[in-house]
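Here is the structure we will look at, set down as structure tokens.
Residue numbers (the working numbering): 919 to 1626.
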């Protein structure tokens, strides 16, 4: 096969097909190309496709790899196994269920099923409350059980007092045994079992081990740095004495230690497989030289890593920019104004821009500003503010006030909080509206005329009708939808409703802060509309722009760097969810101590599951940097509001590791030129220009008159 398109290191990795091989693939070094060419080369050398296993961490990555390979080798690509560790586990269990202690028709619990089972056990055991008012989060319990399973810690071992370091550890240990018993009684497994059971069986059963080692002769693994203990054991037992194992990964991008990944698997590969060969892919085809200079300068400070350097293959490039803002709002204004300039003035498409951050909470302020400017965006990793239930409930009321013909909004708002309006009542309302060719909201306003609606349902509809009419009258009287919405939400006691839903004052306050952000965003949007009224004949805000710019990609599993995915949308992403993606322009915000790196790195060590690791935080920052192709902006603030107080912020220690070539700008002492101020200045200039023009015309008239 033709390997002329590969560089020397890539060719070496492709042609080494026997024995253990570690391919250290730096960011943007073309690792997927190496994997597909290597499989094609193996097939050309006569290795049977059905004896090859190629593993990745997502079905999407496996599908993309299969598509590439099919273009190279045709239908033979369908004969080898390409998938995730979990899908391999399913195939092995389905083929020989008795080996793995499961019935022939075992079921697999999804995350929702697992959460439901944990809640049920908590209720049955009478331990779902600690003290009088604290409810345990099932998600935190599930995470602990998952980590224990993947470290081969049994329910009995989990109750060892030496392992109990928090209330959650104690509760999870108490639940772990009953949880495993219920799985067995149902003939079911969870996702962790699809790997852990495979590993234990291959280790303990000689017949199972011999069967599968005979079935699979060559194993390849992508993103090897993300493997945990159980996944490593599966690999070690599968390859057996032949050790035909090729792993491709980058220890500098190992960022999932918090969920059980062991960076030691890649750092110590040659210890586990002493005859292993190591090949480094250091040529970077993604980023400009100034960006790679920053990446190399930061990551070299990690002690636990393989020695390698990213070598730029693209020339030129602008210097990386570091911006210091006075506070959070000034930082957000600068970032969103810069994005707006990139799009409006430089013609950069929205999908070419990403804003990255350490924590999902950092996205809120950026979302608000993009929303106010009518710029479409999508959110990867975490839930978008405008996609959260409490915000969607408030938005439904806003839409109903402004667009009462919006049936979807009316249907959502009419039962938040519950008013006893059931499915049958809704059917009658819709039938009434259809016959009379009126909107659902008009039918609600005339609920007393709708046949079959009586009692609590009629009372609830009448109350809802009164609330909407009240809000609309307040909106018209005050000229502010934001003010009317605020009063309406007070009347329906939405905040109390949120409290009842979550059962925790702290969680309710956190959720309500999202509603407050929505209200602030609505009020600022209206203010901008009033300020720009002079430039337009329209005296009303363009609400279709406000609602229409909520272009959020809700399918987190379909995130892609393909320009056809999320076309025109700016990407907001956690640095964890950005891994594997790239953009021409990247902003990394909040580069401060306590944010990046996370404050946990300096906290007392409580548990391995949540303990901070500054080297992993540095790797995360490195991942963020290497997402940028052409331009990179790093921003921080000197202070931020935390729990109602203005707190001084220190620069991230990682910024101090950047090279001198970085251009640094301090806007904290300058008046921030936000879009609003720029537009105001433009208005003032146009007004002066108009006055000058009028004065000139008057002077011309006077001169013509005097000549007569």
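Glycine residues also receive a C-beta, built at the ideal position from the N, C-alpha and C atoms.
Between which residues of its own chain and residue i is the CB-CB distance below 6 Å, once the five residues before and five after are set aside?
i            : result
residue 1183 : 1145, 1150
residue 1025 : 1106
residue 1357 : 1323
residue 1389 : 1319, 1402, 1406
residue 1239 : 1551, 1581
residue 1316 : 1403
residue 1086 : 1058
residue 1218 : none
residue 1115 : 1018
residue 1311 : 1334
Specify, as a first and last residue, the run of the beta strand (DSSP E) that residue i falls within.
i            : result
residue 1492 : 1488-1492
residue 1564 : 1563-1566
residue 1298 : 1295-1298
residue 1539 : Per DSSP, residue 1539 belongs to no beta strand (DSSP E); it is in the alpha helix (DSSP H), 1532-1543.
residue 1138 : 1136-1139
residue 1076 : Careful: residue 1076 lies outside any beta strand (DSSP E), inside the alpha helix (DSSP H) at 1073-1076.
residue 1132 : No beta strand (DSSP E) contains residue 1132, which is instead part of the alpha helix (DSSP H) from 1124-1133.
residue 1581 : 1581-1584
residue 1271 : 1271-1275
Quick check: residue i and residue j, are their CB atoms within less than 8 Å of each other?
i            : j            : result
residue 1430 : residue 1320 : no
residue 1533 : residue 1220 : yes
residue 1191 : residue 1171 : no
residue 1502 : residue 1531 : no
residue 1035 : residue 1097 : yes
residue 921  : residue 955  : yes
residue 1378 : residue 1329 : no
residue 1274 : residue 1506 : yes
residue 1568 : residue 1509 : no
residue 1331 : residue 1351 : no
residue 1628 : residue 1199 : No information on residue 1628 is available, as it lies outside the stretch 919 to 1626 that the chain covers here.
residue 1545 : residue 1575 : no
residue 1543 : residue 1276 : no
residue 1017 : residue 931  : no
residue 862  : residue 1112 : Because residue 862 is not part of the residues shown, which for the chain are 919 to 1626, the question remains open.
residue 1435 : residue 1286 : yes
residue 1426 : residue 1416 : yes
residue 1027 : residue 1224 : no
residue 1032 : residue 1108 : yes
residue 1242 : residue 1584 : yes
residue 1163 : residue 938  : yes
residue 1564 : residue 1557 : yes
By Cβ distance, which residues of its chain are closer than 7 Å to residue i, with the 5 residues on each side in sequence left out?
i            : result
residue 1202 : 944, 945, 946, 947, 1210, 1228, 1229, 1230, 1231
residue 1000 : 972, 980, 983, 984
residue 1290 : 1439, 1442, 1443, 1446
residue 1214 : 1227, 1228
residue 1169 : 1143, 1181, 1184, 1185, 1223, 1224
residue 919  : 958, 959, 962
residue 1590 : Summary for residue 1590: the model assigns pLDDT 42, below 50, so the residue's position carries little reliability, and this model does not support an answer.
residue 1374 : 1338
If you follow the alpha helix (DSSP H) that residue i is part of, which residue opens it and which one closes it?
i            : result
residue 1033 : 1029-1043
residue 1150 : 1147-1157
residue 1250 : 1246-1262
residue 935  : No alpha helix (DSSP H) holds residue 935; DSSP gives it neither H nor E.
residue 1003 : 1003-1013
residue 1502 : Note, residue 1502: premise wrong, no alpha helix (DSSP H); beta strand (DSSP E) at 1501-1506.
Excluding the five sequence neighbours on either side, which residues of its own chain have a C-beta within less than 8 Å of the C-beta of residue i, listed in chain order?
i            : result
residue 1175 : 1181, 1531, 1534
residue 1256 : 1505, 1551
residue 929  : 921
residue 1140 : 949, 950, 953, 972, 973, 974, 975, 979, 983, 1166, 1167
residue 1380 : 1365, 1366
Using a Cβ cut-off of 8 Å (strictly closer), state whether residue i contacts chain B.
i            : result
residue 1170 : Here there is only one protein chain, and chain B is not present.
Length at least 3, wholly inside the stretch 954-983: the beta strand (DSSP E) runs in chain order
Within the stretch 954-983, the complete beta strand (DSSP E) runs of at least 3 residues fall at 970-974.
Sequence ranges, alpha helix (DSSP H) only - wholly within the stretch 1173-1237, length at least 4: Counting only runs of 4 or more, we get 1182-1185, 1187-1190, 1207-1217.
Counting only runs that start and end within the stretch 1334-1378, where is the alpha helix (DSSP H) found for 4 or more residues in a row?
-> Runs of alpha helix (DSSP H) with 4 or more residues, each lying fully within the stretch 1334-1378, are found at 1341-1354, 1358-1363, listed in chain order.
Is it the case that the stretch 979-989 contacts the stretch 1066-1081, given that we only count it when at least three CB pairs across the two stretches are under 8 Å? Verdict: no, contact absent.
Review point. So does the stretch 1054-1062 actually touch the stretch 1119-1136, counting three or more Cβ pairs closer than 8 Å?
Key: Here the stretch 1054-1062 does not lie against the stretch 1119-1136, with fewer than 3 beta-carbon pairs under 8 Å apart.
Practice problem: Assess, as a yes-or-no matter, whether the stretch 1056-1065 is touched by the stretch 1124-1142 under the definition of 3 or more beta carbon pairs within less than 8 Å. | Solution: When Cβ pairs closer than 8 Å are counted between the two stretches, the stretch 1124-1142 is seen not to touch the stretch 1056-1065, the count staying below three.
Does the stretch 1365-1381 come within contact of the stretch 1397-1406, defined as at least 3 CB pairs closer than 8 Å? Because the criterion of three Cβ pairs below 8 Å is not met, the stretch 1365-1381 and the stretch 1397-1406 do not touch.
Self-check item: Entirely enclosed alpha helix (DSSP H) segments - the stretch 1404-1435, minimum 4 residues
Solution: As far as the stretch 1404-1435 is concerned, its whole alpha helix (DSSP H) runs of at least 4 residues are 1412-1420.
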